[in-house]
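Okay, so here's the structure we're looking at.
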Amino acid sequence: MDKRWWKESIVYQIYPRSFKDSDGDGIGDLNGITEKMDYLEKLGINVLWLSPVYKSPNDDNGYDISDYQDIMDEFGTMEDFDKMLSSAHEHGIKLVMDLVVNHTSDEHPWFIESRKSLENPYRDYYIWRPAKDGKEPNNWGSCFSGSAWQYDEKTDMYYLHLFSKKQPDLNWDNPKVRQEVFDMMNWWLDKGVDGFRMDVISLISKKPDLPDGPAGINGYASFNEPANGPHVHEYLQEMREKVLNNADTITVGECSGVTLEEAKKYARSDEKELNMVFQFEHMHVDADGSNKWTDKKMDLRDLKEILTRWQKGLEDIAWNSLFWENHDQPRSISRFGNDSKEYHNVSAKMLATCLHMMQGTPYVYQGQELGMTNAPFMSVKDFRDLDSINAYYELVEEQKVFTSEEMMRYLRAKSRDNARTPFQWDDSENAGFTTGTPWIMVNPNYTEINAKDQLGDPDSVFCYYQKLIKLRKEKDIIVYGNYDLLLPDSKEIYAYTRTLGEEKLLVVCNFYEKETEIEIPEEFRCGGYLISNYETKPVREKMTLRPYESFVIEK
Ligand code: GLC
């Protein structure tokens, strides 16, 4: 397999709004990130992905961009950005920008022009359609509730917005749009950034006739309906030629609705498109069909089936990205582990082992390295995320699909705001995140879970992440070895091997509190431990796994 630096990297995602506030306005900022570069270097990560920092009216916290070449006021200035970028590079950390180009803000000058008249030169930068039988042009729903179409009186037409109505979709079939995007990307590369995480890039090419799709619980087709459209690969290949080949970049496409077959095209090792994709099948493992609003727990066998299919499916053909968390997902320890005091430490480490030993590039979302948990949101007023707020009003107040109590339970389990509470730096007021009033509630467990305590404790979740990251840098087998699942039918244990030439690793994870037994395959019985979340016991043919126990044995 071809060796590449981006396969050997560990990426850390920062949600700047919630990372570190340097000026006391309650909102994280660029100078806050620069302040914490030593912390990131200590953790050992070597790539930083920043959620959007561009000029934005913040309808969707920066994922609605009104100027791609300027910085959001709350986050600082372009000078602050340059300082942060050089500080990252001085610390040996590369910087990945979030590229949000499926849509812009409705306050972007292109859209302001586009909506003015049918003849405006920017009209065709967006997707406009007349009403069909007096209604929306099709049944597509927005990711954030309601229809994906907004009527605009000025020209008596609807525009498409797969996300909020303040995020109109760009028309990628227009070559001028593509050129604008490519020029902007080259501008950032010239500045010295090292790559792009491409927001919902699988949605950029829409079928020309925009056909209806199957309706979900709110009566609309999923926002994913246009995924993997007819020209998406052609447009990404064009981007590769006109932009990405100009530098030694790292690229990851957020590909909602991607299938394994499609992923093989997006992330093929001949590097004609992207280096890797984020697929979301394992994020739906605890959903109710296509409805994420439930607090159902997953069946471990489903998780293993999905991840194994991706591990084996992309082997030698393309490249995986590995993640349990990002800014759109709840905290993994509350979702797949156990966030009670008793098991917090071991279950956070178990989840880390399970993911970091797989083949692919691992992503750590801010606070995951401390085992930050979901937050105890009490009322709908505690939420800031438009997805959560809109879903509450649509499904409880308008359509009465759920009672308010049910929906609050589902929001506590799944709301994106769980990942967006401020980073817990220490046990001082507001977790050391800000001296002002934080824009969203601080999780009250910061007195027990915070970076300051964990940095000084060799047994902490942070130190365990440090070890995992170091191991990956030292051992090729962790990056390049082939993955094979063991015990597919076990409901409690996730076990797999990695193989590179003569070398072999055994990874064992007990996903639950209950003790359970495992038979260690013969070839590992004389092996030694690489890492473990408990004091290790001598390797035996039959071993009892303690609650959330996980370890890696080297043959
Ligand atoms: C992606 C982002 C999410 C955002 C959406 C619209 O899914 O990760 O946060 O709301 O795209 O840009």
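Quick note: the sequence shown, position 226, residue 226 per full-length UniProt numbering, numbers continuous. C-beta atoms are modelled at their ideal positions from N, C-alpha and C, and glycine is treated no differently.
Would you check if the distance between the CB atom of I531 and the CB atom of N510 is smaller than 7 Å?
-> no
Closer than 8 Å by C-beta to P130: which residues in its own chain qualify, once you throw out the five before and the five after it? Chain order, please.
-> P137, D156, M157 and Y158
Go through the segment 174-232 residue by residue and report every complete run of the alpha helix (DSSP H) that reaches 4 residues or more, in order.
-> With a minimum length of 4 residues, the continuous alpha helix (DSSP H) runs that stay inside the segment 174-232 are 175-191.
Environment of Q69 [buried if 16+ CB atoms lie within 10 Å] = Counting Cβ neighbours within 10 Å, Q69 comes out exposed, since fewer than 16 surround it.
Would you give the residue range spanned by the alpha helix (DSSP H) that M372 belongs to?
-> Here M372 belongs to no alpha helix (DSSP H), and DSSP marks it neither H nor E.
Should V47 be listed as close to ligand 1, given that the test is whether its C-beta is under 6 Å from any heavy atom?
-> no
Uninterrupted alpha helix (DSSP H) stretches inside the segment 240-268 (no shorter than 4 residues) = 260-266
State the CB to CB distance for the pair I10 and R331, rounded to an integer number of angstroms; the pair is presumed to be in contact (CB under 8 Å).
-> That pair is no contact at about 19 Å.
Does DSSP put R335 in a helix, in a strand, or in coil?
-> In the structure shown, R335 sits in a helix (DSSP, three-state: H, G or I).
What are the boundary residues of the alpha helix (DSSP H) that D387 is part of?
-> Start and end: L386 to Y392.
Completely contained alpha helix (DSSP H) runs for the segment 13-43, where each covers 4 or more residues = 30-35 and 37-43
Cα separation between L411 and P168?
-> 26 Å
C-beta contact flag for Y483 and Q13 at 7 Å | no
Can you name the start and end residues of the alpha helix (DSSP H) that A131 belongs to?
-> Careful: A131 lies outside any alpha helix (DSSP H) and carries neither H nor E.
Should V200 be counted as a contact of ligand 1 given a C-beta to heavy atom distance under 6 Å?
-> yes
Helix, strand or coil for S51, going by three-state DSSP, please let me know.
-> coil
Could you give the distance in angstroms between the alpha-carbon of E41 and the alpha-carbon of G92?
-> 8 Å
Name the residue from K475, D426 and D124 whose alpha carbon lies nearest to the alpha carbon of F19.
-> Closest in alpha carbon position to F19, among K475, D426 and D124, is D426.
For Q150, the residue or residues it bridges with in DSSP = Y159
Close Cβ partners of M72 (< 7 Å) along its chain, the five nearest in sequence each way excluded | V53, Y54, K55, S56 and G62
Decide if the segment 312-332 is in contact with the segment 411-423; the criterion is three or more beta carbon pairs, one per stretch, under 8 Å apart.
-> Judged by Cβ distances under 8 Å, the segment 312-332 makes contact with the segment 411-423, as three or more pairs qualify.
Comparing alpha-carbon positions, which option in I440, W439 and N445 lies nearest S428?
-> Considering only I440, W439 and N445, the residue with the shortest C-alpha distance to S428 is N445.
Endpoints, alpha helix (DSSP H) assigned at L300 = L300 to L314
Through-space distance from E523 to T447, alpha-carbon basis = 45 Å
Any heavy atom of ligand 1 closer than 6 Å to the CB of D60?
-> yes
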